[in-house]
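Structure first, commentary second.
Numbering (the numbering used here), first residue to last: 212 to 295.
Written out as structure tokens, the structure reads:
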């Protein structure tokens with residue numbers, strides 16, 4: 212069964228206490244390519260590489276089946292600035 216954006220959202224929200232998530236399946240529904248915007252307080256004080264590693268750890272099992280996963284990781288403060 213293909214991975215869905217909803218599955219990824221539920222897992223990231225639970226594990227990272229994400230305050231905002233937007234995951235888009237860019238593979239026409241086959242669950243092999245996703246783009247994500249993830250806003251989490253757990254990213255505070257972490258450089259980009261550590262943020263991405265944190266997400267990759269949470270989605271370790273799913274990433275074995277996904278061919279492409281691009282992500283934008285932001286702290287709540289960075290997200291607020293982007294929305295202004």
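Even glycine gets a Cβ: it sits at the ideal position worked out from N, Cα and C.
Here residue 289 carries a helix assignment [DSSP, helix/strand/coil]. Contact between residue 263 and residue 284 holds, since their C-beta atoms are separated by about 6 Å, short of 8 Å. Residue pairing by DSSP places residue 246 opposite 235 and 281 in a beta bridge. Nearest to residue 246 by C-alpha distance, out of 258, 232 and 255, is 232. Contact between residue 230 and residue 216 does not hold, since their C-beta atoms are separated by about 18 Å, which reaches or exceeds 8 Å.
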